[in-house]
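Asker: Before anything else, here's the structure in question.
Numbering (my numbering), first residue to last: 19 to 203.
Below you can see the structure in the form of structure tokens.
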């Protein structure tokens with residue numbers, strides 16, 4: 019049976035907008051995640067941190083992300099996923115920008131841990147939301163577009179974070195890279 023003339027199943031209305039928005043969020047997700055690596059030496063010196071202390075914010079992020087993800091998966095089964103995603107994006111964006119205000123190790127650590135909460139909300143729920151918009155026959159292509167934002171956002175986090183950090187200081191790197199997430203939240 020020749021299925022080449024069969025039209026592809028249609029996506030739900032608003033699907034393209036949703037994927038563009040969720041992909042932009044994913045790009046910002048990874049951009050915010052990698053800014054600290056780009057400006058590590060700058061905040062290490064300014065906050066008078068040890069090498070060990072500069073490793074702990076990433077560790078805190080990972081643990082919080084790991085423990086918060088199942089919670090958001092469960093909440094998404096019971097509540098409005100779009101609202102949970104928006105709250106998550108707003109939280110991680112504010113936490114990234116909030117790291118710029120840190121004057122102590124503990125403040126910086128808390129800000130980066132809160133990024134883990136926000137990203138857990140977003141990353142846990144977004145793929146299922148995309149699946150709601152597209153039939154199984156089209157999901158692979160759409161998910162590929164969505165996930166291409168990972169390496170692009172990571173590279174932008176290193177690049178922009180490094181350039182902004184060098185030119186304006188590490189605090190500006192966190193502010194400039196963190197605040198755009200509020201627009202897409």
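Note that CB positions come from ideal geometry on N, CA and C, so glycine has one too. Since this is a predicted model, take the numbers as computed values, not measurements.
(1) Judging by CA-CA distance, which residue of 61, 48, 55 and 35 is the nearest neighbour of residue 189?
(2) Can you find at least 3 beta carbon pairs, one from the segment 149-160 and one from the segment 101-110, that sit closer than 8 Å?
(3) In chain order, what residues of the same chain have a beta carbon less than 7 Å from the beta carbon of residue 119, not counting five sequence neighbours either side?
(4) Ends of the alpha helix (DSSP H) at residue 60?
(5) State the Cα-Cα distance for the pair residue 75 and residue 97, rounded to the nearest angstrom.
(6) Please state the DSSP three-state secondary structure of residue 30.
(7) Leaving out five residues on either side along the sequence, give the residues of the same chain with a beta carbon under 7 Å from the beta carbon of residue 197.
(8) For residue 41, is the classification buried or exposed, using 16 other Cβ atoms within 10 angstroms of its Cβ as the cut-off for buried?
Answerer: Reading from the atomic positions:
(1) Of the residues 61, 48, 55 and 35, the one whose Cα lies closest to the Cα of residue 189 is 61.
(2) The way I'd put it, the segment 149-160 doesn't touch the segment 101-110; fewer than three beta-carbon pairs between them come closer than 8 Å.
(3) Excluding sequence positions up to five before and after residue 119, its CB lies less than 7 Å from no other CB in the same chain.
(4) Residue range 58-64 is occupied by the alpha helix (DSSP H) that includes residue 60.
(5) The alpha-carbon atoms of residue 75 and residue 97 are separated by roughly 30 Å.
(6) Three-state DSSP puts residue 30 in coil, outside helix and strand.
(7) Closer than 7 Å at Cβ, skipping near neighbours: 111 and 115.
(8) Answer is buried; the Cβ neighbour count reaches 16.
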